[in-house]
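Heads up, the thing below is written out as structure tokens.
2 protein chains.
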Amino acid sequence: MTEKQTEQKILDAAREIFMRKGMHGAKMQEIADEAGINKALLHYYFRSKDKLFDRIFQEVFGQLFPKLQILVDATKSIEERVQIFVKEYMTVMQQNPFLPLFILHEIQRDPDSLHERFTSTGLQPEIVMQGMSASLDMTVDEVKMFLVNMLSLCIFPFAAKPLLSRILYAGDDKAYDSFLEERKLSVPEFILNSLKNQ
Amino acid sequence: MTEKQTEQKILDAAREIFMRKGMHGAKMQEIADEAGINKALLHYYFRSKDKLFDRIFQEVFGQLFPKLQILVDATKSIEERVQIFVKEYMTVMQQNPFLPLFILHEIQRDPDSLHERFTSTGLQPEIVMQGMSASLDMTVDEVKMFLVNMLSLCIFPFAAKPLLSRILYAGDDKAYDSFLEERKLSVPEFILNSLKNQ
DNA sequence: GTCTATAAAAGGATAGAC
DNA sequence: GTCTATCCTTTTATAGAC
Chain A
1 MTEKQTEQKI
11 LDAAREIFMR
21 KGMHGAKMQE
31 IADEAGINKA
41 LLHYYFRSKD
51 KLFDRIFQEV
61 FGQLFPKLQI
71 LVDATKSIEE
81 RVQIFVKEYM
91 TVMQQNPFLP
101 LFILHEIQRD
111 PDSLHERFTS
121 TGLQPEIVMQ
131 GMSASLDMTV
141 DEVKMFLVNM
151 LSLCIFPFAA
161 KPLLSRILYA
171 GDDKAYDSFL
181 EERKLSVPEF
191 ILNSLKNQ
Chain B
199 MTEKQTEQKI
209 LDAAREIFMR
219 KGMHGAKMQE
229 IADEAGINKA
239 LLHYYFRSKD
249 KLFDRIFQEV
259 FGQLFPKLQI
269 LVDATKSIEE
279 RVQIFVKEYM
289 TVMQQNPFLP
299 LFILHEIQRD
309 PDSLHERFTS
319 TGLQPEIVMQ
329 GMSASLDMTV
339 DEVKMFLVNM
349 LSLCIFPFAA
359 KPLLSRILYA
369 GDDKAYDSFL
379 EERKLSVPEF
389 ILNSLKNQ
């Protein structure tokens, strides 16, 4: 009867370990330990490491990609949309420090799996791009440059945290966290400013 | 007498495989195959996977970090320095598509090893930061924001290539490569523009 | 220096008892 | 549903012949 409990414990543990170490770096034993159970039970619930990993990746990816919809919401001004998007995106990553690198690394490891991921979110990249073009009043090329700039500025500082906190703050993670918090405001300014002056 | 030849073949193969798959994803067998030798010889030259990996990582990291020096070169204008830095940085990554994610992932896997990496390049992060502050005529805080913005805009589009080429160009890698080429010019504009209008 | 063969260890997966 | 014990494969590492 503790079915849901155990399944949830496994999923929590797997998310933690997979995100930290990636598919290959993570070991079933470690996930079992983290969940407070043994390896056999992992297989009982999820048959194989591959299947367990798939489940986690899908969950994690689905949490981030759909946020692009914020940028299509025509009821808000462009300024507002950018501010909200940046803030929400960065907040998710503050709460899941390993998320960005996990996604990037695993997509590189197995790019072919991406297609199913997209369809499982119910969002088509092409449609989202067109929606942004129309609602931001930009050409499609401008949208692409704009989008990549914004994602770069939001995501990279988290992906590179272990490196940058060392370079910029001599390894003081707390100081680097403040720096990131500050960026929630400065990044939208930076982006919107560049839209005006081009 | 083929000593140097073989060692070099191993290093080339190891760089290739490690960069593509990371420490855990790479297998000694695969590296041996790529080098056209057998596993035993790998161990003869480098004793263990760990030691071989260390050697590669040090090499690769040492190739990128010192480029920050470009930004300290006071004989050039700020505009020039940014243009040169962005172009050189992005060119290195065009030639080594797996480089950015490799470095970010492995630093996260073992952040403690970073200290030796820095010292082995002979560059101290603190000194570089101060040099930039003086020669760019910014406060240290401004330098940090500026530097992270620039690195984000240069590196992330490469790290996320498999994802972004799918979102932006329906998986057409050639089209995405053109997009990246275009950014060698647009990124410096973007950055310099924001410095003026703040 | 380079190879074949093999040891030794780790890790994923299953059988079977409870 | 959960555990212990065990199997099987993969992978790292070494021994020893050439």
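The listed protein sequences derive, respectively, from chains A and B. For the first sequence, the residue numbers in the working numbering are 1 to 198. For the second sequence, the residue numbers in the working numbering are 199 to 396. Glycine residues also receive a C-beta, built at the ideal position from the N, C-alpha and C atoms. Here the structure is a predicted model, which means the values were calculated and not measured.
Leaving aside the five residues before and after residue i along the sequence, list all residues of the same chain whose C-beta is less than 7 Å from its C-beta, in chain order.
i	result
Phe263/B	Thr319 and Leu321
Pro355/B	Leu362, Leu378 and Arg381
Asn347/B	Ile389
Glu79/A	Leu192
Lys274/B	none
Tell me, please, whether the CB atom of residue i is closer than 8 Å to any CB atom in chain B?
i	result
Glu88/A	no
Met145/A	yes
Gly22/A	yes
Ile17/A	no
Ile155/A	yes
Within this structure, are the beta carbons of residue i and residue j separated by less than 8 Å?
i	j	result
Leu297/B	Met288/B	no
Pro162/A	Ile305/B	yes
Val341/B	Leu266/B	no
Val258/B	Ile301/B	yes
Phe251/B	Ile268/B	no
Ala272/B	Ser333/B	yes
Tyr176/A	Leu185/A	no
Met404/B	Val270/B	Outside the displayed span of chain B (199 to 396) sits residue 404/B, for which this structure offers no information.
Val303/B	His105/A	A quick correction: the sequence has His, not Val, at residue 303/B. Contact: yes.
Leu242/B	Glu205/B	It is Tyr, not Leu, that sits at residue 242/B in the sequence shown. Cβ atoms of Tyr242/B and Glu205/B: not closer than 8 Å.
Under 8 Å between C-beta atoms, does residue i make it to chain A?
i	result
Ala212/B	no
Phe244/B	no
Val346/B	yes
Leu264/B	The sequence shown places Pro at residue 264/B, rather than the Leu named in the question. Not closer than 8 Å to any Cβ of chain A, the Cβ of Pro264/B fails to qualify, so no.
Ser350/B	yes
Gly260/B	no
Ala358/B	yes
Leu361/B	yes
Expressed to the nearest angstrom, what Euclidean distance is found between the alpha-carbon atoms of residue i and residue j?
i	j	result
Glu228/B	Lys196/A	52 Å
Leu101/A	Ala238/B	34 Å
Ile191/A	Ala170/A	28 Å
Val82/A	Asp33/A	42 Å
Gly22/A	Arg15/A	10 Å
Val140/A	Gln130/A	7 Å
Ser194/A	Asp210/B	42 Å
Arg166/A	Asp172/A	7 Å
Leu351/B	Val385/B	7 Å
Lys87/A	Glu324/B	30 Å
His313/B	Gln256/B	11 Å
Pro111/A	Ala357/B	13 Å
Thr119/A	Arg55/A	15 Å
Arg47/A	Leu345/B	46 Å
Leu149/B	Ile37/A	In this structure chain B extends from 199 to 396, so residue 149/B is not present and cannot be described.
Glu387/B	Asp335/B	19 Å
Arg109/A	Arg315/B	26 Å
Gly62/A	Ser113/A	13 Å
Pro376/B	Lys49/A	Going by the sequence as given, residue 376/B is Ser instead of Pro. Their backbone Cα atoms lie some 38 Å apart in a straight line.
Ala224/B	Gln293/B	21 Å
Beta-carbon within less than 6 Å of residue i's beta-carbon, same chain only, minus the 5 sequence neighbours each way: which residues are those?
i	result
Leu240/B	Met226 and Ala230
Met200/A	No answer is possible for residue 200/A: it lies beyond the span of chain A, which begins at 1 and ends at 198.
For residue i, which residues of its own chain have a beta-carbon under 8 Å away from its beta-carbon, when the five flanking residues on both sides are left out?
i	result
Ile208/B	Ile229, Ala233, Ile235, Leu239, Leu240, Tyr243, Phe244 and Leu250
Ile155/A	Tyr89, Met93 and Pro100
Residues of the stretch 90-112 of chain A with Cβ closer than 7 Å to any Cβ of chain B, in chain order: For chain B, the residues of the stretch 90-112 of chain A that bring a beta carbon within less than 7 Å of one of its beta carbons are Leu101, Leu104, His105, Ile107, Gln108, Arg109 and Pro111, in chain order.
Contacting positions in the stretch 180-197 of chain A - beta carbon closer than 7 Å to chain B: So the close ones are Ser186, Phe190, Asn193, Ser194 and Asn197.
The stretch 165-178 of chain A: positions lying closer than 8 Å to chain B by Cβ: Listed in sequence order: Arg166, Ile167, Leu168 and Ala170.
Interface positions of the stretch 111-130 of chain A facing chain B (Cβ-Cβ less than 9 Å), listed along the chain: Those would be Pro111, Leu114, His115, Phe118, Pro125, Glu126, Val128 and Met129, in chain order.
Against chain A: residues of the stretch 222-237 of chain B by CB proximity under 7 Å: Those residues of the stretch 222-237 of chain B that come within reach of chain A (Cβ to Cβ, closer than 7 Å) are His222 and Gly223.
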